[in-house]
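Colleague: Start counting the sequence shown at 0; every next residue gets the next number (numbering that gives the first Met the number 0).
C-beta atoms are modelled at their ideal positions from N, C-alpha and C, and glycine is treated no differently.
None of the values given here were measured: they were computed from a predicted structure.
Shown below is the structure under consideration.
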Amino acid sequence: MADGRMVLWVRKHYVALNVAMVVLWLAVAATQIIPLVNGDSGTNGGHVFALVLSLLLAVLAGVSAVVASTIKRKKSPKSSSQRVDQ
0 MADGRMVLWV RKHYVALNVA MVVLWLAVAA TQIIPLVNGD SGTNGGHVFA LVLSLLLAVL
60 AGVSAVVAST IKRKKSPKSS SQRVDQ
């Protein structure tokens with residue numbers, strides 16, 4: 000994908016990419032919960048830190064997906080054609 004096609008592809012699929020990131024970060028969080036349930040907090044609380052960090056990143060990716068989806072929904076062909084005319 001040359002000549003900016005990759006950028007266009009990412010713009011088109013940005014919401015789906017963020018949703019995929021949410022799923023991946025939640026999977027990481029799930030793998031950190033298992034040792035915590037078994038009583039192992041890891042070296043210096045590593046599992047707790049990884050759990051909190053992965054949940055935070057999942058929330059941030061989710062918010063990014065919601066914002067991008069809202070922006071896509073609010074754009075209309077009429078408003079984009081006005082920008083071209085001006």
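1. Taking a contact to mean a Cβ-Cβ separation below 8 angstroms, would you say Ser-53 touches Asn-17 in this structure?
2. Quick one: what's got a C-beta closer than 8 angstroms to Ala-15's C-beta in the same chain, skipping five residues either side?
3. Please determine if the segment 26 to 40 and the segment 2 to 12 are in contact, where contact requires at least 3 C-beta pairs separated by less than 8 angstroms.
4. Among residues of its own chain, excluding the 5 on either side of Trp-24, which ones have a beta-carbon nearer than 7 angstroms to its beta-carbon?
5. Would you mind reading off the limits of the alpha helix (DSSP H) that contains Thr-42?
Modeller: By the coordinates alone:
1. Taking C-beta atoms as the reference points, Ser-53 and Asn-17 fail to come closer than 8 angstroms.
2. Correct list: empty, nothing qualifies.
3. No: the two stretches stay apart, fewer than three of their Cβ pairs being nearer than 8 angstroms.
4. Result list for Trp-24: Ser-53, Leu-56, Ala-57 and Ala-60, in chain order.
5. Where Thr-42 is concerned, there is no enclosing alpha helix (DSSP H), because DSSP gives it neither an H nor an E.
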